[in-house]
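Numbering (UniProt numbering), first residue to last: 1 to 76. Glycine included, each C-beta is placed from N, C-alpha and C at the ideal position.
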């Protein structure tokens, strides 16, 4: 349940495995948001979903689905 009416209960921050500065920026954003909203409310996946070859009507939504599916199968 969201602590803030009208805001999502979990924030999903998609980032890819391409450039270190992109990963660092996503991690910094996640940390800043976590301080404000609570770190348990931030979802920062570290998955390579081969975004460059992905074809989808709504690419962001499809990447979220792929990341979510992959995270359910991670065993380490």
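Taken atom to atom, the span from the alpha-carbon of residue 52 to that of residue 60 is near 12 Å. CA-CA distance, residue 31 to residue 39, rounds to 7 Å. Cα atoms of residue 36 and residue 27: separation of roughly 14 Å, rounded to the nearest angstrom.
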